[in-house]
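Okay, so here's the structure we're looking at.
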Amino acid sequence: MTEITALKDGLLADVAAADSVDAVEQLRVGALGKSGVVTALLKTLGAMTPEERQLRGPVIHDLRESVTAAIVGRKAALEQAALDARLATERLDMTLPAQETPQGSIHPVSQVMDELAEIFADLGFAVATGPEIEDDWRNFTALNIPETHPARAMHDTFYFPDRDSEGRAMLLRTHTSPVQIRTMMSQEPPIRIIAPGRVYRSDSDATHTPMFHQIEGLVIDKGITLGHLKWTLETFLKAFFERDDIVLRLRPSYFPFTEPSVEIDVGYTMEKGQRVIGGSGDAENGGWMEVLGSGMVHRRVIANCGLDPDEWQGFAFGTGVDRLAMLKYGMNDLRAFFDGDQRWLRHYGFSAFDVPTLSGGVGA
Ligand code: DAH
């Protein structure tokens, strides 16, 4: 019995002193391997008398368990130490110059947003922003979207479980229109803004992604008419598509926050089997494509923001930035926009030096 205790103490001391994973492995083979000393002791149990086995059995089993536990523990400690040492030596110095030319490019969505900002800045519009986490008052109620409107249904809107301190339901904004509300409530008219940004809807297929990009426009001033709206959007579309033969068709429509509401279609013609923006949609080989929602800002929306609708009028418009990019640069699958595929980005991306300017051509 005492020799077993001595064997155990010796083995445990050896394991504790082992200074590499290999050394521990050798000890394991020597003790617990096929012809190891502990294995040999275990084998003697079979030839013992029941009384002897009752006496020596627990001691031998305890030996095996103690040695096994010590080996596992020592191995883990040594592996951890080796990993720590490696992490310490393999530290990356991010301030070192890159060994290869950077591969980045400007995403078409960013490029188109810059183009839009450039075009509208030239027309006297400032860029406004709002948070992507909105409350349901700004996203819906203030925009004259009643509680029962289908856009409020759970399947379209991502809601947060909790309300804000004012008891309003919180959500991921479903459009950029709440920026209209934020701007009218924080700025004195006259107002001329565009608001590009991310929006969210619970929707996903080849032409819908749960996150996409919109741009909103808002003008509030005195004596604003539908004529101003048409001129502004025509001027914008001509600059954006870099063509003078852009033909607009205003189609009566419905949005809760505008009255009257108009949908803007732009004419396209077929060139080599491709739809190309430009020309009258009524041409023999032409058609119309819907590109923008718009209208005169509803009196109720102006009043909701604390302004007098008899004094102030205006127009608003909104559209999808991703869709504008697809139309202008000829991509056909929206999902590819957000895949992060290097080949797609190299093909459709823009050089960082390709800053859009009106004089240089916004899409150059
Ligand atoms: N918010 C609308 C949408 O998400 C787009 C829109 C339509 C914005 C008409 C406007 C507008 O400002 O006047 O579909």
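Numbering (this note's numbering), first residue to last: 525 to 888.
Cβ coordinates follow ideal geometry from the N, Cα and C atoms, glycine included.
A quick note: this is a predicted structure, and the numbers were derived from the prediction, not measured.
Contact set for residue i: own chain, Cβ-Cβ below 8 Å, skip 5 residues either direction
{"i": "residue 674", "result": "680"}
{"i": "residue 688", "result": "659, 694"}
{"i": "residue 594", "result": "535, 536, 539, 540"}
{"i": "residue 757", "result": "772, 788, 816, 818, 841"}
{"i": "residue 780", "result": "667, 668, 669, 670, 673, 822"}
Distance, residue j Cα to residue i Cα
{"i": "residue 702", "j": "residue 686", "result": "20 Å"}
{"i": "residue 735", "j": "residue 696", "result": "10 Å"}
{"i": "residue 839", "j": "residue 818", "result": "7 Å"}
{"i": "residue 829", "j": "residue 850", "result": "35 Å"}
{"i": "residue 888", "j": "residue 729", "result": "Caution is warranted here: a pLDDT of 47 is assigned to residue 888, below 50, making its placement in the model unreliable, and the coordinate value is therefore given only provisionally. Their backbone Cα atoms lie some 31 Å apart in a straight line."}
{"i": "residue 587", "j": "residue 532", "result": "6 Å"}
{"i": "residue 610", "j": "residue 585", "result": "38 Å"}
Residue from the options with nearest C-alpha to residue i
{"i": "residue 733", "options": "723, 740, 739", "result": "723"}
{"i": "residue 650", "options": "657, 656, 640", "result": "640"}
{"i": "residue 580", "options": "593, 592, 590, 566", "result": "566"}
{"i": "residue 884", "options": "763, 834, 807, 841", "result": "763"}
{"i": "residue 831", "options": "653, 705, 795", "result": "705"}
{"i": "residue 527", "options": "577, 583, 557", "result": "583"}
{"i": "residue 841", "options": "786, 683, 555", "result": "786"}
{"i": "residue 904", "options": "646, 621, 773, 824", "result": "Outside the displayed span of the chain (525 to 888) sits residue 904, for which this structure offers no information."}
{"i": "residue 633", "options": "881, 543, 855", "result": "855"}
{"i": "residue 821", "options": "815, 835, 726", "result": "835"}
{"i": "residue 866", "options": "743, 629, 718", "result": "629"}
{"i": "residue 879", "options": "550, 636, 560, 531", "result": "636"}
{"i": "residue 833", "options": "589, 708, 727", "result": "708"}
{"i": "residue 562", "options": "610, 718, 591", "result": "591"}
{"i": "residue 872", "options": "882, 881, 861", "result": "861"}
{"i": "residue 877", "options": "654, 558, 631, 624", "result": "631"}
{"i": "residue 676", "options": "740, 852, 726, 859", "result": "726"}
{"i": "residue 760", "options": "813, 643, 738", "result": "643"}
{"i": "residue 791", "options": "737, 653, 814", "result": "814"}
{"i": "residue 738", "options": "662, 755, 847", "result": "847"}
Identified DSSP bridge partners for residue i
{"i": "residue 799", "result": "794"}
{"i": "residue 658", "result": "695"}
{"i": "residue 528", "result": "DSSP, once it has assigned bridges, lists no residue as partnering residue 528."}
Same chain only: Cβ atoms within 7 Å of residue i, ignoring 5 sequence neighbours per side
{"i": "residue 665", "result": "none"}
{"i": "residue 572", "result": "580"}
{"i": "residue 742", "result": "704, 707, 715, 717, 838, 840"}
Cutoff 6 Å; reference residue i; Cβ partners in own chain excluding five residues on either side
{"i": "residue 837", "result": "748"}
{"i": "residue 721", "result": "700"}
If you scan the stretch 699-782 from start to end, which runs of the beta strand (DSSP E) of 3 or more residues do you find wholly inside it? 715-724, 735-745, 772-779
Jot down the residue ranges of each uninterrupted alpha helix (DSSP H) in the stretch 530-617, minimum 4 residues, whole runs only, in chain order. 545-556, 561-568, 574-613
Length at least 4, wholly inside the stretch 785-873: the alpha helix (DSSP H) runs in chain order: 823-828, 845-853, 866-872
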